[in-house]
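Below: the structure, in structure tokens.
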Amino acid sequence: MKSKKTAGLILAMVLCVSTVLLAGTYGPLRPFVQSVKFVQPQTVSTIAFVNDQTEDELMKWIKSEAVKQEKPPINAVIDRVWKAIPGYDGRSVDIRATYARAKQLSATPLGDNPIPWVYRTIKPKVGLNDLPLQPIYRGNSAKPMVAFMINVAWGDEYLLPMLDILKETGVKATFFFDGTWLAKHADTAKSIIALGHEVSNHAYTHPDMSKLGEARQREEIGKTEALLKNLGVTNVWFAPPSGDYNSSTVKVASEFGLRTVLWTLDTVDWMKPEPSAVVAKVARSVGPGTSKGALRGMIKVIRAKGYLLGTVSETLSPERVDLRL
Ligand SMILES: [Zn+2]
């Protein structure tokens, strides 16, 4: 799937890259994920006693606003073009907990202290696991998140600067390792893991998977999977080299508990395109592209468009990103 434009949300970007280490800090997602935990209703165990006019008004207001705050869940579907598209959780307002928190924080509907909405998650009826086995090209378009897929197969010269930029900008990405590369660079892989990035499977010898029989495909995926296991990684994805796959690929990957994941826009090589051209391309479509100069620009443009940057797992999970206090 080359240079496909996506409406709205994009899944991934591929920077077909290379070696080395470094990077860290929290991405924008972490605070969200952590704050979601605090959103659980049990954090507010007492309900203030409603005994005067003001409180009644507050409750009334919360109840009427709560309807507008509600978001229905979206089921996972099989799309003709994009194959499997994950679902997205819905949310409803926990009225009593919101009321209690509002009292606790002296929040008022129109004051400086806005109402601290407490939400409940509503799971979609249909998730990815309920659908026939299909590859995934993108996340749910209701989820404002983009993931960088960084396929690492050769060359060492670009990985380090790239990791530096990811660190500076607080972005967590998903690195797909070619097994031949991984066998030689386990230390580098460990550093990437230690920095909080997700790591995953990009076959063993960078073959066109569709040209291989099932047994050879199994070997390609299996050998790299074994190396990942040695590093203590619990992997869930397989990104076929060059985006080439057939139905056996998807099936064989699933035997290892992996989902085949591709990217919505094909990559441009890491250093080849002019940075400005790549940034322009991203700006047009929130698509990818690469190159040292361009990565920073891409991150900026993606964020300016209101998207969060997360790993492939974060981007494809049904978890809402707006459940915060
Ligand atoms: Zn590749």
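Residue numbers (this note's numbering): 1015 to 1339.
Even for Gly, the Cβ is constructed at its ideal location relative to N, Cα and C.
Heavy atom of ligand 2 within 6 Å of residue i beta-carbon
i: N1215; result: The model depicted lacks ligand 2 and carries ligand 1 instead.
Proximity below 7 Å, CB of residue i to CB of residue j
i: V1266; j: R1232; result: yes
i: R1310; j: I1179; result: yes
i: P1123; j: G1104; result: no
i: P1254; j: H1220; result: no
i: Y1218; j: K1243; result: no
Same chain, Cβ closer than 7 Å to residue i, neighbours up to 5 away in sequence not counted
i: P1128; result: A1121
i: E1228; result: S1262 and V1266
i: K1077; result: I1109
i: Q1083; result: V1107 and W1131
i: N1089; result: G1101, P1138, K1139 and V1140
i: G1041; result: At G1041, the pLDDT of 28 sits below 50, so the modelled position is not reliable; the number obtained from the coordinates is stated separately. These residues qualify, in order along the chain: G1184, V1185, K1186, L1323 and G1324.
i: I1268; result: Per the sequence shown, residue 1268 should be read as Ser rather than Ile. Excluding positions up to five away in sequence, the list reads L1147.
i: E1011; result: Residue 1011 lies beyond the stretch modelled for the chain, which goes from 1015 to 1339, so this question has no answer here.
Same chain, Cβ closer than 8 Å to residue i, neighbours up to 5 away in sequence not counted
i: E1239; result: N1215, N1249, F1270 and L1272
i: L1241; result: F1191, G1193, L1196, A1197 and A1200
i: I1092; result: A1098, I1099, L1145, P1146 and Q1148
i: S1327; result: T1188, E1212, V1250 and W1251
i: I1313; result: I1179, T1183, V1185 and L1323
i: G1125; result: none
i: L1072; result: Y1113, A1116, K1117, T1122 and P1123
i: E1234; result: G1193, A1217, Y1218, T1219, P1221, M1223 and L1226
i: N1260; result: M1223 and S1224
Counted within 10 angstroms of its Cβ, other Cβ atoms place residue i as buried (16 or more) or exposed
i: W1168; result: exposed
i: K1157; result: buried
i: L1119; result: exposed
i: E1182; result: exposed
i: T1304; result: Only weak support exists for where T1304 lies, its pLDDT of 42 falling under 50; the value from the coordinates is given anyway. By the 10 Å Cβ count, T1304 comes out buried.
i: V1160; result: buried
i: V1095; result: exposed
Whole-number beta carbon distance between residue j and residue i, since they are thought to touch under 8 Å
i: D1258; j: S1205; result: Incorrect: roughly 29 Å between the Cβ atoms, too far for contact.
i: V1335; j: L1322; result: 6 Å
i: G1153; j: T1274; result: Going by Cβ atoms, the distance from G1153 to T1274 rounds to 15 Å, so no, they are not a contact pair.
i: L1177; j: I1207; result: Rounded, the Cβ-Cβ distance is 12 Å, inconsistent with contact.
i: L1337; j: Y1151; result: Incorrect: roughly 26 Å between the Cβ atoms, too far for contact.
Proximal residues to residue i (C-beta, below 6 Å), its chain only, five neighbours per side dropped
i: E1080; result: Checking the displayed sequence, the identity of residue 1080 turns out to be Ala instead of Glu. Same-chain partners within the cutoff: V1107 and I1109.
i: W1075; result: P1123
i: S1331; result: none
i: R1134; result: S1106 and D1108
i: V1247; result: V1213
Any chain B beta carbon closer than 7 Å to residue i
i: P1123; result: Included in the structure is just one protein chain, with no chain B present.
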